[in-house]
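Numbering that gives the first Met the number 0 applies: residue 0 is where the sequence shown begins, and numbers increase by one.
Cβ coordinates follow ideal geometry from the N, Cα and C atoms, glycine included.
Please read all numbers here as calculations on a predicted model, not as lab measurements.
A quick write-up on the structure given underneath.
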Amino acid sequence: MAVSHPCRPDRPEGNLTVLFLRSAAFNLVFYALSVIVVVAATPCFLLPRRYTLRAMEFWSHMTLWLLRVLAGTRYEVRGQLPQGGVLVASKHQSMWDTIVMTAILKDPAMVLKRELLWIPFYGWYAQKARMIAIDRGAAAAAIRRLVAQGKAAVAEGRPVVIFPEGTRSAPGTKLDYKPGVAALYRQLGVECVPAAVNSGLFWGRRGFARRPGTIVIEFLEPIPPGLDRKSFMATLETRVETATTKLIAEAGGTP
0 MAVSHPCRPD
10 RPEGNLTVLF
20 LRSAAFNLVF
30 YALSVIVVVA
40 ATPCFLLPRR
50 YTLRAMEFWS
60 HMTLWLLRVL
70 AGTRYEVRGQ
80 LPQGGVLVAS
90 KHQSMWDTIV
100 MTAILKDPAM
110 VLKRELLWIP
120 FYGWYAQKAR
130 MIAIDRGAAA
140 AAIRRLVAQG
150 KAAVAEGRPV
160 VIFPEGTRSA
170 PGTKLDYKPG
180 VAALYRQLGV
190 ECVPAAVNSG
200 LFWGRRGFAR
210 RPGTIVIEFL
220 EPIPPGLDRK
230 SFMATLETRV
240 ETATTKLIAE
250 AGGTP
């Protein structure tokens, strides 16, 4: 997909007050929206699962809309959207990554840390939506659970989304790719769609600022099933990191 507009973050030199005010406005409304949706959608826990999914989709689309209107942060999707029961392995720089996956993919089964299930309301929604929670402290058992839940999701035609580094990384940095993604690739027997992002330039993992510009998520050429572990991991890492580096450079390199 051709780039129709620049994705470079707008840096209003000498206009930091505007950046602060727009970021503050977004953060305030975002957290207020989250509380309202969580409370209003609580009855969904007593209803079929599809109602919880609709509430999550509404929240994610509203968040992306608020980000555009209040912070001036748009987004662009490049490449072919993954469809059905496939494995999606994405770079992870920001909370935005999980929000956009919820908005643009159909019923994704996202792999997350088990500790997130302990967060009131968030954890309840994650369980109702049948996300895949793993205990990183119990490696062997966690892998078995990951594979079992991944197989169940793929059998239902759901994309399994995993962040191979296991946590968010700052733009320009790379963490070790964890073995979970290789286990899923080997055991699920489906293609793996790598994904690159530059979201950390606009919505930092710990920062307050929400910078104007265009976040890009790019779905890359799928990796067919059947590669050995070493070849798969090398191919995945090369594609994700190379594309991410290009997106960061295209956007100006640093926030």
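Asked, Found
"Can the beta-carbon of Ile222 be found less than 9 Å from the beta-carbon of Arg77?", "no"
"When you compare only the Cα positions, how much space is there between Arg113 and Ala139?", "15 Å"
"How long is the line joining the alpha carbons of Ala128 and Leu235, rounded to whole angstroms?", "27 Å"
"Mind pulling the beta strand (DSSP E) runs of 3 or more residues that sit fully within the stretch 32-107?", "72-77 and 86-89"
"I need the boundaries of the alpha helix (DSSP H) containing Phe120, first residue and last residue.", "Per DSSP, Phe120 belongs to no alpha helix (DSSP H) and is neither H nor E."
"How would you call Trp117, buried or exposed, if buried means at least 16 neighbouring beta carbons within 10 angstroms?", "exposed"
"Just the Cα atoms here: how many angstroms apart are Leu66 and Ala40?", "22 Å"
"Return the chain-ordered list of same chain residues with a C-beta closer than 7 Å to the C-beta of Val153, the five sequence neighbours on each side being excluded.", "Gly84, Val159, Leu187 and Val189"
"With distances taken between CB atoms, is the gap from Ala194 to Ser89 smaller than 9 Å?", "yes"
"What are the complete beta strand (DSSP E) segments, minimum 3 residues, inside the stretch 138-197?", "159-161 and 191-196"
"Have a look at Ala132 and Leu145 and give me their C-alpha separation to the nearest angstrom.", "8 Å"
"Using the three-state DSSP reduction, which class does Ala248 fall into: helix, strand or coil?", "helix"
"Pick from Thr101, Met109 and Val36: whose alpha carbon is nearest that of Lys343?", "Given that the chain is displayed from residue 0 to residue 254, the structure contains no residue 343 and the question cannot be resolved."
"Can you grab the Cα-Cα spacing for the pair Arg205 / Gln79, in whole Å?", "30 Å"
"Applying the 10 Å Cβ sphere with the 16-neighbour rule, what's the burial state of Ile35?", "exposed"
"By a C-beta neighbour count over all protein chains shown, 10 Å radius and 16 as the cutoff for buried, is Phe207 buried or exposed?", "exposed"
"Less than 8 Å between the CB atoms is what I'm expecting for His60 and Arg167, so what's the real figure, rounded?", "Not quite, the Cβ-Cβ distance comes to about 22 Å (not below 8 Å), so this is no contact."
"Using 9 Å as the threshold, is the C-beta distance between Leu246 and Tyr184 below it?", "no"
"Can the beta-carbon of Val69 be found less than 9 Å from the beta-carbon of Arg21?", "Per the sequence shown, residue 69 should be read as Leu rather than Val. Taking 9 Å as the Cβ cut-off, Leu69 and Arg21 qualify as a contacting pair."
"Mind checking which residues open and close the beta strand (DSSP E) that includes Ile214?", "Gly212 to Phe218"
"Thinking C-beta only, is Ser198 closer than 9 Å to Glu96?", "Sequence inspection shows Asp at residue 96; the Glu mentioned does not correspond to that position. Their beta carbons are under 9 Å apart, which means Asp96 touches Ser198 by this criterion."
"Just the Cα atoms here: how many angstroms apart are Gly252 and Val38?", "39 Å"
"Would you check whether the ligand COA has a heavy atom nearer than 8 Å to the C-beta of Lys177?", "This structure simply doesn't include the ligand COA, nor any ligand for that matter."
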